[in-house]
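Just add 79 to wherever you are in the sequence shown, counting from 1, and you've got our numbering.
Heads up, the beta-carbon is just placed ideally off N, CA and C, and yes, glycines get one too.
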Amino acid sequence: MRIELNHALCQGHARCAALAPELFELDDNGYVITESHEISAAAEPAALLAAKVCPEKVISVRG
Ligand code: F3S
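Now the structure itself:
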């Protein structure tokens, strides 16, 4: 399971880090700086929720 981020789309809504601070880190302006990375199965629900609530569709979760 993997989180993929398209940083070019991020507008700094910060919902991802609010929901899952263990998975997403923001810069000082509120833009996500976390790189695409593998996640555990336990982190999948939080990752899917973050992907759903990001209004810019920055985040995707792939199996
Ligand atoms: Fe950016 Fe979406 Fe998070 S716009 S800061 S990836 S909620």
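Residues L88, C89, Q90 and H92 of the same chain have their beta carbon placed closer than 8 Å to that of E135, with the five preceding and five following residues left out of the count.
Annotation for L84: the continuous beta strand (DSSP E) segment containing it runs R81 to L84. The closest CA to that of C133, considering only R81, Y110, A122 and S119, is found on Y110. One thing to note: A120 has its Cβ no nearer than 9 Å to the Cβ of L102. Secondary structure note for V132: its alpha helix (DSSP H) is the uninterrupted segment E123 to V132.
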